[in-house]
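Asks: Encoded as structure tokens, here's the structure I'll be asking about.
2 protein chains.
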Amino acid sequence: MSLDRLIEGIVRTQNPAVVGLDPTLDYIPGFLKEPFLAEFDDPMEGAAAAFLEYNKRIIDAIYDIVPAVKPQAAYYEALGWQGVRALCETIRYAKGKGMFVITDGKRNDIGSTMKAYASAHLGTFGAAGKQAEPFGGDALTVNGYLGTDGIAPLLEVCDERDRGIFVLVKTSNPSSGEVQDKLCGERTVYQMMGDLCETWGGEHLGKYGYSAVGAVVGATYPEQLQELRLRLPHTFFLVPGYGAQGGSAAGIAGAFDERGLGAVVNSSRAVLTAWKKEGCDERDFAGAARREALRMKEDLAAVNKAIHI
Amino acid sequence: MSLDRLIEGIVRTQNPAVVGLDPTLDYIPGFLKEPFLAEFDDPMEGAAAAFLEYNKRIIDAIYDIVPAVKPQAAYYEALGWQGVRALCETIRYAKGKGMFVITDGKRNDIGSTMKAYASAHLGTFGAAGKQAEPFGGDALTVNGYLGTDGIAPLLEVCDERDRGIFVLVKTSNPSSGEVQDKLCGERTVYQMMGDLCETWGGEHLGKYGYSAVGAVVGATYPEQLQELRLRLPHTFFLVPGYGAQGGSAAGIAGAFDERGLGAVVNSSRAVLTAWKKEGCDERDFAGAARREALRMKEDLAAVNKAIHI
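So the protein lines, in turn, are chains A and B.
Each residue of the first sequence is one higher than the one before, starting from 2 at the first, in our numbering.
Each residue of the second sequence is one higher than the one before, starting from 2 at the first, in our numbering.
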């Protein structure tokens, strides 16, 4: 029933937003990254240390006004295991600040393998009488191309540990239609995937009418967003593509239900690079991130009035 | 043009097989794992050290008779970043022994993010004038649900660094048909995905007629395997599902072309747990893995005669 904690965070902050923690060295001001890059011989180790410190400062600047963060695994894997360590530590830090953490990994595989991904990202590892949390996120993005086998092991962990998943339904990228918009009988592939989300979530309903199985639906496709909101009444949406990818607040309006719930909207680049766009002192990069997060909150509030349970 | 190196390895060893390095603590004999689990306070660190030592001994036992290994990322992520470090070190060790390494990550995302995955798994990372290889695999498994945007960044790295990818087309699991077998017009979803592989690989053909874009097609669906071999003449297949999942050598026969090329068949559990099935001394676990790999080679040779370029 995990998405309930996300929903409660949205109501508490009156902000249906998630900040994507997708760092690259380009986004990080020189004063912060240069000492780390100079300190370590291995460029991945230096960059990973810079990523972690940068993330912590962004989290410190937004945790009271934004309910969730979404670190994108790819940007950490780009620094090898050293980057993955920074990902684990970022997740732990955000959770320590009370944020809901969506690990954006889009994992997918056969059942036995998905069991390993489920315990990696949402569960625990135990050996020799000791337990540990490998990644420790609250929710994981996943791909449903393999069908029910690849989803069922996640649902077990979601039930046991109050976690959630978001399944790719209609993605925000320009070529998403190549496969997702194809018509199979009377439904498109993305509609069929959305219907599967309703099926998979069916027995895992939370207090507010939404299940532990959410869907990823891009802000760049406003019509499909509205259509899917009506079609999938128990499926909470994670909406990427706002801002840098071209999605607008007006286009997102259809993603919300009459309580202002039903969706959490992601912004990554616009928040992380706000200091560049503002042209402020680079030492104020986290302040600029907070100002952009507040601007986004106002922008969303204009189309999505008082949020209530 | 990366799959050429895989093809040459298959011809050299006369063995179209890849061993899946998917360790779990259950597979590892007590004499090998117990000291590591006792040595480290963190159970993930102890297990990761055991995974790495286990993998090295398996690799030592098979590298002269099997051309490739396929570590499955999920089993390493299940041990957090400590496990991911063991994955990176396993890849480096296998490459040092001359093996072709397929990182089984089934990664997928929008273009900008896929660029990060491409450099993580097949490319390099550079900062402050220094370069490093984050994971260092030769090929990566990927999911094509997001269409061309999610594949194009991989192809750039494949061209620059002689690497390859395998796109999920028809997976080996029981529920793969829920999405993949649906009919869109005159084609099933998996046929459409297969056709996309031919398109994506079109400009990236190697010396032996196969492109850098391979496809994952399960041994558990023999009819589709044969049908796709004819339909996708330039697409090399990675065939999971042999052995433990129920696929037989006879069922795989249709995956090969008239030269005995066209597919590489994966076995994970049967090789890794051969010592249990044999009931041999646990200290001979790597010897048992080699005997099972030789048995599999013979089994495949019965349906796939002398392999030549």
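For each residue, glycine too, the CB sits at the ideal point set by N, CA and C.
Pick out whichever of A:A140, A:T142, A:L141 and A:L123 has its Cα sitting closest to the Cα of A133 of chain A.
Replies: A:L123
Asks: In chain order, which continuous runs of the beta strand (DSSP E) of length 3 or greater are located wholly inside the segment 42-99 of chain B?
Replies: Whole beta strand (DSSP E) segments, 3+ residues: 69-72.
Asks: Going by DSSP, what residues sit across from T189 of chain B in a beta bridge?
Replies: B:L184
Asks: According to DSSP, is R108 of chain B helix, strand or coil?
Replies: strand
Asks: Would D348 of chain B pass as a contact of A75 of chain A if the rule is Cβ separation under 8 Å?
Replies: Past the edges of chain B, shown from 2 to 310, lies residue 348 of chain B, and the structure says nothing about it.
Asks: Name the residue from A:A49, A:A69, A:Y55 and A:I59 whose alpha carbon lies nearest to the alpha carbon of A79 of chain A.
Replies: Here the closest residue by C-alpha is A:A49.
Asks: Among residues of its own chain, excluding the 5 on either side of S1 of chain B, which ones have a beta-carbon nearer than 6 Å to its beta-carbon?
Replies: In the structure as shown, chain B starts at 2 and stops at 310, and residue 1 of chain B therefore has no counterpart that could be examined.
Asks: What residue ranges within the segment 248-275 of chain B form continuous beta strand (DSSP E) runs of no fewer than 3 residues, ordered along the chain?
Replies: Those beta strand (DSSP E) runs which fall completely within the segment 248-275 of chain B and span 3+ residues are 264-268.
Asks: Taking its Cβ as the centre, do 16 or more other Cβ atoms sit within 10 Å of F52 of chain B, making it buried, or is it exposed?
Replies: buried
Asks: Measure from the C-beta of Q181 of chain B to each C-beta in chain A and report whether the shortest distance is under 8 Å.
Replies: yes
Asks: Using DSSP with H/G/I as helix, E/B as strand and the rest coil, what is F32 of chain A?
Replies: helix
Asks: Check whether the Cβ atoms of C159 of chain B and G151 of chain B sit closer than 8 Å, and answer yes or no.
Replies: no
Asks: Under 8 Å between C-beta atoms, does P175 of chain A make it to chain B?
Replies: yes
Asks: Relative to the C-alpha of S269 of chain A, which residue among A:S177, A:A256, A:G242 and A:G280 is closest?
Replies: A:G242
Asks: Could you tell me the alpha carbon to alpha carbon distance between A308 of chain A and V170 of chain A, rounded to whole angstroms?
Replies: Per the sequence shown, the amino acid found at residue 308 of chain A is Ile instead of Ala. Computed Cα separation, rounded: 25 Å.
Asks: Using the rule of at least 16 other Cβ atoms within 10 Å of the residue's Cβ for burial, across every protein chain shown, is G137 of chain A buried or exposed?
Replies: With 16 or more other Cβ atoms within 10 Å, it is buried.
Asks: Just to confirm before moving on: does the CB-CB distance between I310 of chain A and R260 of chain A stay below 8 Å?
Replies: For I310 of chain A and R260 of chain A, yes; Cβs fall inside 8 Å.
Asks: Would you check if there are 3 or more beta carbon pairs closer than 8 Å linking the segment 52-70 of chain B to the segment 88-107 of chain A?
Replies: no
Asks: When we look at the beta-carbon of L301 of chain A and count the other beta-carbons within 10 Å, is it buried (16 or more) or exposed?
Replies: Buried, by the Cβ-count rule.
Asks: Have a look at A:A216, A:E46, A:E283 and A:N305 and flag the residue whose alpha-carbon is nearest the alpha-carbon of G252 of chain A.
Replies: A:N305
Asks: When you compare only the Cα positions, how much space is there between C185 of chain A and K183 of chain B?
Replies: 6 Å
Asks: Using the beta-carbon count (16 or more within 10 Å), is T200 of chain B buried or exposed?
Replies: It is exposed - the Cβ of T200 of chain B has fewer than 16 other Cβ atoms within 10 Å.
Asks: If you measure between the beta carbons of F41 of chain A and E283 of chain A, is that distance less than 8 Å?
Replies: no
Asks: Quick test of your reading: A128 of chain B and L26 of chain A, contact by CB under 8 Å. State the CB separation rounded to the nearest angstrom.
Replies: 6 Å
Asks: Indicate whether G47 of chain B and P135 of chain A have their beta-carbon atoms separated by less than 8 Å.
Replies: no
Asks: Checking contacts by CB at 8 Å: is E78 of chain A closer than that to chain B?
Replies: yes
Asks: Give the DSSP-derived three-state secondary structure of K277 of chain B in the structure shown.
Replies: helix
Asks: Per DSSP, S212 of chain A forms a beta bridge with which residues?
Replies: A:L206
Asks: Which partner residues does L22 of chain A have in the DSSP bridge list?
Replies: Note: L22 of chain A sits in a beta bridge opposite A:P72.
Asks: Taking the alpha-carbon of G263 of chain A as reference, which of A:L155, A:P17 and A:N144 has the nearest alpha-carbon?
Replies: A:P17
Asks: Counting only the same chain and skipping the five closest in sequence on each side, list residues whose C-beta sits under 6 Å from that of T172 of chain B.
Replies: G219
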